[in-house]
Structures are given as structure tokens and as C-alpha cells.
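Under the working numbering, the first residue of the sequence shown is numbered 1, with each subsequent residue one higher.
Yeah, the Cβ is synthetic: ideal placement off N, Cα and C, and Gly gets one too.
For clarity, every value in this text was computed on a predicted model and none was experimentally measured.
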Amino acid sequence: MEDKAHKAHHAAQSGAKAEKKAKSKGKGKADHGKGYNEKAFAPKSGRKADRQGRRTAEKDQTRLHVPLVNRTPEDEPPPVIIAIVGPPGVGKTTLVKSLVRRYTKHTLSEVKGPITVVAGKKRRLTFVECNNDLNSMIDIGKIADLVLLMIDGSFGFEMETFEFLNILQAHGFPKVIGVLTHLDLIKKLSTQRETKKQLKKRFWTEIYQGAKLFYLSGVLNGRYPDSEIQNLSRFISVMKFRPLVFRNSHPYLLVDRLQDLTPRELVRTTPNVDRTVTLYGYLRGTNIRETTKVHVPGAGDLSIKSMARLADPCPLPTADSEKRRKLSEKQKLIHAPMSDVGGVMYDKDAVYINVPGNFTRKGEDGEEADAQGEGERMVMDLQDVTHTLADKLSQSHIRLLGTSTAPLEIAGEDEEDWADDDEDEEEETNDSEADEEDDVSEGDEEMDAGDIGDRGRTAPRRPQSLSLPTSISKSHEVEYAESDSDLGDGLLDDQSGDEAGLEFGDEDGSDDDLEGGPEEEDDEEAPRWKSDLAGRATRSFDLRSKSKRRKDWSKLIYGSECTPHEVVFGKNADINDGQPVEDEDELFTIKRPAESTAEVFDQTKEPINLESLAAWEDEEMLDSIRHLFITGEPKATPVQDEHGDPYEDDAEGGFEDLEAPTTAAPTNEETREAELAAKKEALKRKFDEQYDDPEEDPTADMDFYEQKKDEMARQLALNRAEFEGVDEETRVMVEGHRAGAYVRIELENVPCELVEHFDPAFPIIVGGLLPAEERFGFIQVRIKRHRWYTRTLKTNDPLIFSVGWRRFQSLPIYSLDDHSIRMRMLKYTPEHMHCYATFYGPVSLPGTGFCAFNSLDDKVPGFRVSASGVVLDIDRSVKIVKKLKLTGTPYKIFKNTAFVKDMFNSALEVAKFEGANIRTVSGIRGQIKKAQAKPDGAFRATFEDKVLMSDIVFLRAWYSILPRKFYNPVTSLLLADKGEWRGMRLTGQVRRAEGLKTPLGVNSTYKVVDRPSRRFNPLKIPRKLQANLPYASKTKVTRSQSRPTYTQKRAVVLEPEERKAISLIQQIRALRKDQVSRRREKQGERKAAHRKKAEATESKREDKKREERKEYMRLAGQKAKRASEGGGGRNSKRSRHD
């Protein structure tokens, strides 16, 4: 063994080690190494190379799309909506639980409604499980940013999956990821591999080549394997989404919580009253204002009563709170109001607390157990309550002011009438209510003296918006400002509020209060606060007169203390009945002319003072302002130094050279030339920047697509900078609530069925409507019947449209453009081609996609998407014409003139069609001339040839029709069973449901039409006419020959050579005939033998099949017998229910 030579080491030629070694030696892949062949991967033919190049260019162009402004805010984007869609039993709930467990470490017992989680520092996700209802699939398809399309790997694609994909194509296709489940049911590995391959190919056909498809195998502990969920969650966390056209122009909201604000008493007395409902959710799309009309799919159009922004229940981590790369467990938040997260569940207007087990603190072993979740802690805290709320209030101590020495306490039953007395006195005495500061000061004095003790308050309690500063509240003599800027707006508001009740009333009101004081003192049962009212009012009046706090409202409003007479005649405001002027410190004072008793009359022009016009004759004053006008000379520029900069003193205006020579005129001309040259230089520089110097332009090297994107980005940055320093309230008033905010929307006049039949499994969407979408009209669309829908669509048959946010039923009229002349009505939709449809409904913007359905019922077999298309135009005067054929028969004929009847009913109808073109079935054209008196509806017509009595005359006309104004919104959310919505039905469906027979008209039955064959007489030409005709036109009559002709009578005599030739030919023909007959006999024998052999083989095959059938039936019988004896066996095939 030691003598054996070791195997030599071979260096790796490919792989990671080889690339790393080559890179370290400076010999990378760019050098192509040793033996690189440039033509190894080149196409073999030029045609293939051309096709490959065109395909590459087509793929590059396909990736380009119309640049759209991304209105999603970058600082706080709304959560990404991820919809989990699939047929029932495919594993949607298990996938949601697994993903929530992956992101938040929470284990959900049931999934209801939207579930929002924090997935990263800049991303939140909202998971929505879509049920198998077609209405829910339509709504989810309009708002989902990412769709997890779940497919049962053991069963394959189902009809609901294809229906949802067609809905997505009509409403803007979001990102779609396929998820294959139940692969563990396929035991054979080769079958599993082949199934994956087939489903992946079919999935790529429906989505696009290269669409992402994930595989989930089995279920462990109620969840999918962690490694597979981790791969899926990582892919979701880094996905990018581009804005879709419809969502980028409409605000919308996915409701994650619903609350009914209607008073309970009103609901009890009137159960069917319209409700006031509050909806919560994240705002997406564009900004929304309170005046915006909204539409709730499945409920109808509603109006917003109020709207407010709330604190984010699931906020993103801030830069200060989360500095690490990975989220901490504290930041992995979850917001699921409709689910049972934390034991608390919001349902309509109630909050349910779910505590597993029994409501006790003792565990199974009898020891005290701590509360686990939030809801359990709340229930356990309620169990610990030993005193009622009234008992706690009676034992509580309340201090009226922070400086109070004795607390306030709840008194006994003898003073329970305080509240009633307070309310009565508030209505009767307004003057006493306004004395808040006096009461406070009096209260301070009494509390300092210890008079009131535990008696509580002695004056009616009034709410106060802003509190005074401490120094002001402690002092009685407060200096009140004469303007808003002296002591602040808040103080002025308090001051004006204190004096409102006293100053508005008359002076006699206080006297009445004073007189009423002693009478109230005599009452033994009077409350304490009514005692000594007169004394307190007197002290309050004296305090007011000392501090001179009484305000003159005319001065506060008009800024003057003058009477109306003094204002008219111009008396000086400073002289006011000898009172001192209080506004000497005002910054601006009103100056009035001296007192004059002359009254000024109304006049249209002001009187001209000639003395004031004398100032305009001064030349110095005119020269000083002459440069301000266009016709004047420009102002001289300051003196410049050698560098061209002005002197400092000249620029500041502090130095003037009196000894310098005067050069006024040349300076003005030079200045004008210099300014003109500077202007030209600036224009030339701007021109060079745009055209001659593209290197400085950042968008010069960009193509059209990149330039548009850069332009939109700069405009978006400009819009954000415009609102940079604006406070939140002003910004909301200007542009509305922005996307990404968690808002509370209060809707009024909501149908009561929405609250009573609320089901969190069905999503609720609040979609904002544009102003143009609030009105109704005729909508013209381009529509195409789906190739999988078996029935043909018929005009005026009810069809359910899903346009924008709305779902409604209408009656469309199909039409086709007839050579750009008219819109011709079609009775049925054409096969495999587009047509036009016009129907009545809410207006949608042109370019909006839609899809149509005949029925939304889950029990309808087959493919339910009837048609799809796009909105073309909104035209209230749509003119669609229908072909109209009127037939009649002639009853009198005069050469080229005929009288026709049975086409019209009256002479008035004939008058409307005078001059119209008519024709017969045989093709003779004519024209309507004049109506006849009798019979009714008959008219005279001229034709280009004589018509027959048996001819049928018809008129081809066009009749204008209008679609019917029928609009029936789909209100599926208002039903207890959301899938049982029924719209307008066809007459045949109603008869079938009611068991009625179709009425049969006499003229509607088919009868055998017996048309006798016409016999035409032979043409007879008179002999006189024949004599005058030329020979070529004369009738040639040939008589039959009675005797044999020469050709028939002559005899043929053959020569000897001719006889020999004829005999030879006859012999050859005889031999040929004999050979053919023998050949046919032998061929018949061979065919008979072959037929006999084939029959024998077929009989053997039939015998073999018969034996195999017997064996199969025997085994099947044994298997059925064992199954019946064993109580039912395991079915190997999986049963599926449609």
C-alpha cells in the first residue's frame, strides 16, 4: 500500500472555487479564460437571430408602462393589502395563521376581518381572507395590492380561480403569487413532480411567463412548515408595487372596525330606522375630504357626516425606537379588531372578552393563577370589585382649587336637590351666572375664612375653556388689557365670557336680584348658595366700579365712544362728556377734522381743493418721480470703481461728489446700452443651457420614459415642499386627509340591515367618488362576450355590471358601428368580436374597465363572467337605430304607377314618408308619391318598371331607440345570506319559477306554407309583328322530318385493310375484357380471405374484452361486499363538491 502512488490533484475548472481563484489572479470571466469560443452560443441562422432580437425588444417594450404618479406617502405608507384567495378547503385560514405567526408570534384561533401586522421598518401588511362569494371576490380584486392565489395541488384549478383572474383583468391586474397546497396527498414522487410541472405551466398561461409559484407541503401543528412560510414572507417583504390607474385617482378605505352610534332607545322603538355608523380603517389612494360622496359596495351611495384622523393603532417603528436592522419583539405589532387577538374582539357596537376555560382565578390544581391575556385581566379585575361606583364617589375627596385647605365631600340626602335648584336658577337668573370671577374671589375669601368647610360649592358650576395664570387668579385687582396683544387671546376670551351675561342685561335686572335676596333668606329649606345674595351682589358691584371694568360695547365694536350724532357731525372723540380718555396708549388713533356744523350732502364726486393741486407745479417734485414712468428717463446708476462695483457710500447713499463733472446725458445713454446688453446676455445664456450645452441638463441623456418619470418626481417633490411648514389642520382643510392615515368616518342614513346582518367574513370597502361620478346618464362601452360563457347575450336582457366601485343591474342595448354612419342595434352579441353597448347607470370616466355577470348566485353551474370591456364615452344623447321593414301589396296598377295598401295605417303616416325609396321583392325600385283618401294608409307610388299584383312592396327604414332608465344596485351586504341577492329576472325565469305556461298566440304557431307553382303562358308573337322583324330576331320554327335523310339512307362499304384493322381491334378488346374479369375474380377471393381473417381476429378481441369485463366486475363486487361487511371503507379518490 505504501508503494502505491497517490492520485494527482486536479484543479477545479468551474464552480465557485475556480471563479474565486481566477479573480484573485486577475484572470476573471471578462478575459474568457482558455479555450473560449465566441461562436459557441451564437445563433445558427440569421433568421433565428433576427427573431431572437425582435423578441428581446418586444419584452423590453412590454415592461414599459405609462408613467404614473405614485401618490403613496413615503414617510407613512398605508399597509399593503394582501388578499388570500382560493376555493373552500384549500387552506386559506391556515396560511393566514402561519403568516401572522411568522410576523408577530401571535397564534390566532379564528380569522375574521382584516389583520394588520408590522413586517419591517417601512412596511405593514394587511391580510384579508376572501371567501368563495362572487361579490367578495369582486370587491377584493379592486383593492388588493398582492394576491396569494391558492391552488389545491391534488385537485387542480377550479372554476372560481379562473373567474377571479378574469375579474382582476377587468379592474387592474395587481401582483399575483401562486401557492400550491395539499401536495402531501400525492404519495408518488414522480406523479407529484409531473403535477407541479403541469400546474405551473397552466398558471404561467393565465398570469405571465415566469410568475412566482410557491409550494406548501403538509400541515404541522395547525400551520405550514416554518421554512416554507419564511421563504414566502421574505418574498412578500421585498416586493414592489406600482400604482394602478383607478386606485391612483380614487380614495378608498378597507374597513377593519364598525360601530353603530344610533341611540339605543331609538333602535328599540323603531328597529328599521336608518343608522349612524362609524367606520375605521387606513386611507389609501388619493386624499379625501369630508364633502366627498362615498359608495359602499353592497350597501349604496352614502354621505360623510364627519371625518377625523385617529392615532395609528399599528404604527411603524421610528428611527429612535428601533435602530437595529432586525425588528425587536416589542415592535412586532398586530391590529385585528374583528379577530380574537388578546382575548378582545370588536363586533358591531360591542366588545367581547373571550377567556378560555372558566372565570376563576384558581387553576386545575386549586392554586391561584395569573391572568394571561388582556381580556382575561379585565374580567378578573371586574371580579375584584367590592364597592359600587356610587360608594366610591361618596368616599372621594374633591378639591375645588389647588390652594383649598378643606376638600369637598358629597353631602347627605337633605341636599340632594342642589342639582335641580341649580338648573332652575340657571334658566331664571342670567346676571348671577356671569359673575364667575366675583364668585371665585368670594369663594376664596370664604374658603380662607373656613366658612364653607365641607358644604361644597355655593355657586352654579360653569365650564371654563382656558384658566387664568396663577398670579392673576390670586389677585383681586387685575389689570385688564385694552387690546388683544397686551395679555393674549385666551385672557380676552375669558374676560369677555365673564362679562357677557352682566353687560347684555338691563340695570334693572340686578335690582330685582337684590330685592329677591331677603325673601329667599327667610325660607328655611333654601340652599346655602341662596343666602345673602343682596350683600354679595352689592360687593360685586362695588368691586366692579372700583376697578372700572365696565365696558362700553360701542367702543369695543366701533372703536369709538362717540354717539351716532357725534359721528355724523364729526365731533372729536377725545371729548366725551368730560370723561378722561382711556386709550392714550393706542398705537393708532383716529384723527378727525375740526367740529363743523355744516352738513355734507350725498354726491357722486369729491369736491376738488385747488390749493392741493399747487404742489404738482413744482418741477423738483416732478423730476423726482419722472423715472417711475415708462416715458421718463431711467434713474442714473451709481458711480462704479475700476472693477465695475459701486462704491460703498454710493450704494448706501451716504457720499456725493460735488466736484465731479456733470455728464448726465452720456451717462443715461451708456446705462441704457449696458442694461440692453445684460438682457441679451441673459437670454443667450438661457438659450445655450437648453440647446447648445446639454451636458449641464440632467435630463438630456434620458429617453422619453425616464424624462416623464423625472418630471413627475420633481413635481411631487414640489408639492410636498409647498405643504412643508403648514400645520396639520390647515393642510387637512386644503387638501383633505392624506393616504396612510388611520381615519374615523361617520356615515349617516345607513340602512339598518348593514348593521344587523354584519358579517366580518365579508369585506366592507368605502370608496370615494369623483364629482363626475355622482350623476347618472347613458354610458357607452365596448364589450365582448367571454368565450367561456356558453349563452349568447341578448339586447334588453338584465346584466349585472361591475364598474368602478359600484355593482348594479341594468338593461344594455348592443350595437355596431355601421360604416361610421349610424349605430345599428344588434339583437345578440356577435361571436368572438367586440361590439358596443349602451346602458343607463352612474357615470364613470372613460377608460375604466368593467366586467359583467348574468347572475351572482353560487349555485349557478359553469362560468359566471359573461363579458368584459372598457368605458368609451359618456353621452346623454346616444342615438341607436333599429332596422324597420314595412310591407304592402299593390291593389291597382297603371303601367309604372301603382297604388299600394297595408303598409301604413293613416294618411299622416304616409305624409311622414313621402319621397322615401321602396322596392319590390323582385328588385323593381320605386318611390312614395302621395297618400290616398281611401282606404286608410294607401298611397300612390311610381316604379321603374311595371309591377305585378303578386309583388310584395317593402320600405326599409331606421327607427331610433333609447335604453331604458333602469338602475338596480346590488345590495348584497344588506342581506342575511349574502349570496341570495336576486335582481330583475327574465319573463321565462318568472314563468318557470311560478309554474306558468307560455301563452301561445294564433299567429305565433308555425304552419305549413303551401305555395302553388306558377304556370307561365308561352310567348306568342303576332304574325304581322314577325313579318316586320329582321331575320335574326324572327322565331325559328323547325318541323320534324318525316322521311329518312341521305345520311340515314346511305350504305358504308369497307376496304379489305379497314376490315382487318377493325377485326384486330375487336380481338384486342375481347382479350382485355377477359383479363379484367379474371383479375377482379382473384381480387374478390383475396378480399374474402382477408375479411374472414379479420372477423376471426375481432371475435378473439371481443372474447378477451368480455373476460376482462367479467374479471373487473367480479373484483368490484368483492370489494363492495367487503366494504359493506366492514362498515364502509376508505375512499381513495377525493370527492369534491361544486
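Item	Value
Ranges of the alpha helix (DSSP H) found wholly within the stretch 727-761, counting only runs of at least 4	728-735, 752-756
Among E110, T795, D139, K197, the one whose alpha carbon lies nearest that of G153	K197
Continuous beta strand (DSSP E) stretch holding M1113: start and end	Note, M1113: premise wrong, no beta strand (DSSP E); alpha helix (DSSP H) at 1056-1125.
Rounded separation between E228 and G869 - CA only	39 Å
Nearest-angstrom Cβ-Cβ length linking V80 and R123, presumed shorter than 8 Å	7 Å
Helix, strand or coil at K883 according to DSSP, with G and I counted as helix	strand
Residue from I928, A837, L266 whose Cα sits closest to the Cα of C851	A837
Cβ neighbours of F737 in the same chain (closer than 7 Å, five flanking residues each side left out)	The question names Phe, but residue 737 in the sequence shown is His. If we look at H737 and ignore the five residues flanking it on each side, its Cβ neighbours are L283, N287, I288, M307, R309, V743.
3 or more residues per run - each beta strand (DSSP E) lying fully within the stretch 850-938	865-874, 880-894, 897-901, 917-920, 925-931
Span separating the alpha-carbon of L754 from that of G1126	51 Å
N- and C-terminal bounds of the beta strand (DSSP E) containing L996	No beta strand (DSSP E) contains L996, which DSSP labels as neither H nor E.
Beta-ladder partner(s) of F127, from DSSP	I82, I115
Cβ neighbours of D274 in the same chain (closer than 7 Å, five flanking residues each side left out)	N749, V750, P751, C752
CB contact flag (F920, I893, <8 Å)	In the sequence under discussion, the amino acid at residue 920 is Thr, which differs from the Phe named in the question. Result no, Cβ atoms of T920 and I893 do not sit closer than 8 Å.
Status (buried if at least 16 other CB within 10 Å, exposed otherwise) for N905	exposed
Supposed contact pair V766 and V296 - C-beta distance, whole angstroms, cut 8 Å	6 Å
Contact under 8 Å by Cβ, A772 with R71	no
As assigned by DSSP and simplified to three states, the class of R807	strand
Buried or exposed (CB count within 10 angstroms, at least 16 for buried), G725	exposed
Residues near E735 by beta carbon distance below 6 Å, same chain, minus five either side	N287
Among I745, L244, N1003, E110, nearest to A761 - alpha-carbon criterion	E110
Length of the line joining the Cα atoms of M825 and S815	4 Å
A12 to A18 span [Cα, whole Å]	6 Å
Nonlocal neighbours in the same chain, by C-beta distance under 6 Å from D312, ignoring five residues either side	Y742
Alpha-carbon to alpha-carbon, L1019 and L1029	16 Å
Check whether V294 and L769 have beta carbons under 8 Å apart	yes
Outcome for E160 when other beta-carbon atoms lying within 10 angstroms are tallied against a minimum of 16	buried
From K883, T1047, I800, residue whose alpha carbon lies closest to that of L134	I800
N- and C-terminal bounds of the alpha helix (DSSP H) containing S612	From DSSP, S612 is part of no alpha helix (DSSP H); its letter is neither H nor E.
Sheet register partners of K784 (DSSP bridge)	S868
First through last residue of the beta strand (DSSP E) which encompasses I288	Run containing I288: none; DSSP gives neither H nor E here.
Option nearest K859 by Cα separation, candidates T538, W981, R1086	W981
Endpoints, the alpha helix (DSSP H) within which I813 is located	Looking at the DSSP string, I813 is not in any alpha helix (DSSP H); the run it does join, the beta strand (DSSP E), is 813-818.
Element boundaries [beta strand (DSSP E), containing S303]	300-310
Of the residues D759, L220, F939, V245, the one placed nearest E129, counting alpha carbons only	D759
Nonlocal neighbours in the same chain, by C-beta distance under 6 Å from H9, ignoring five residues either side	none
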